[in-house]
Structure formats: structure tokens, C-alpha cells
Amino acid sequence: MPAIDTVKAHYDALARRDLDAALDVIGDDAVWEFSGPDTIPFAGRWLGRSGAREFFERIRSTVEVRAFRVTRMIADGDTVAVFGSERFLVKATGREWAVEWVQVHEVRDGQIIRFREYTDTTAIAGAYAR
1 MPAIDTVKAH YDALARRDLD AALDVIGDDA VWEFSGPDTI PFAGRWLGRS
51 GAREFFERIR STVEVRAFRV TRMIADGDTV AVFGSERFLV KATGREWAVE
101 WVQVHEVRDG QIIRFREYTD TTAIAGAYAR
């Protein structure tokens with residue numbers, strides 16, 4: 001399966017809110033990275049499928065998704081860059097963030113083995129700040 005098809009399957013599952021299906025295409029040895037300050041509950045380096053699950057559970061438990069849009073995917077071999085935007089509401093503070101992002105995936109044998117997101121973490125941290 002081409003790398004872009006693996007990544008599309010992941011995003012399609014997330015759009016259906018089917019976390020198990022989204023995790024099915026993440027490798028057991030994956031590295032999931034979201035750099036940011038400690039005030040962002042899902043910031044950090046997450047290891048394996050179980051780490052990716054924790055990443056998504058922390059997002060799901062702390063925010064309401066107001067908008068999440070993929071605008072473009074570009075593949076170069078086993079690397080897929082996904083461009084998009086989101087608007088989330090932090091449940092605990094009632095504050096929103098709205099950002100654009102690029103999420104870079106590396107795929108091996110039909111599994112996402114690395115994820116890195118590049119976005120405005122200052123806006124996200126501000127929404128979590130009390």
C-alpha cells in the first residue's frame with residue numbers, strides 16, 4: 001500500500017471518530033511527537049501504538065473539536081506531509097484555539113512509524129492556561 005493511502009486511512013478513521021481503526025495503521029514501534037510546553041496535556045514524545053492512544057485520549061478528554069480540516073497531502077516516498085487547520089475548545093477553561101498545522105508521517109510496511117506536528121503551540125498553550 002502506498003504511504004499516502006496508509007495516512008489517508010488514518011485520517012478517515014479519525015474523521016469517523018474510530019480511534020481503534022486510526023491506531024490500526026500505527027506501528028508498535030512508532031514515535032509520536034508533539035513539541036510544546038507542559039501546559040499542553042498531549043505535548044511530548046509518545047512511544048508505540050499505546051503511546052499514540054494516550055496522545056489521542058488526552059486530546060479527546062480535554063477538548064471539544066469545533067473544526068478539523070485536512071487541506072492537502074503531499075507524499076515523497078515513505079514520507080507524507082499533511083496540511084490542515086483546526087479549532088478546538090478546551091473544556092476546563094472555555095478558551096478556543098484556531099491554528100494551521102503540518103503533520104509529517106513516516107510510513108513503513110503499511111504502518112505509520114513516526115509522526116511530528118508543526119503548529120502554533122503558543123496559541124494552544126494559551127487556551128489551556130488558567
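Going by UniProt numbering, the sequence shown runs without a break in its numbering and finishes at 130.
No residue lacks a Cβ here, since even glycine has one placed at the ideal position from N, Cα and C.
{"Query": "Local conformation of VAL25 per DSSP, three classes", "Result": "coil"}
{"Query": "Residues of its chain near THR6, where Cβ-Cβ distance is below 6 Å and the 5 sequence neighbours each way are ignored", "Result": "VAL25, VAL107 and GLY110"}
{"Query": "Nearest residue (CA-CA) to LYS91, options ALA81, ARG66 and ALA75", "Result": "ARG66"}
{"Query": "Neighbourhood of THR119 by C-beta distance below 6 Å, restricted to the same chain and skipping five residues each side", "Result": "VAL99 and TRP101"}
{"Query": "CA-to-CA distance, ARG87 to ARG130, given in whole angstroms", "Result": "19 Å"}
{"Query": "Selection from ILE112, GLY84, ARG116 and ALA125 that minimises the alpha carbon distance to TRP97", "Result": "ALA125"}
{"Query": "Same chain only: Cβ atoms within 6 Å of ALA21, ignoring 5 sequence neighbours per side", "Result": "ALA13"}
{"Query": "Alpha-carbon spacing of ASP18 relative to ALA123, whole angstroms", "Result": "27 Å"}
{"Query": "Through-space distance from LEU23 to GLU64, alpha-carbon basis", "Result": "20 Å"}
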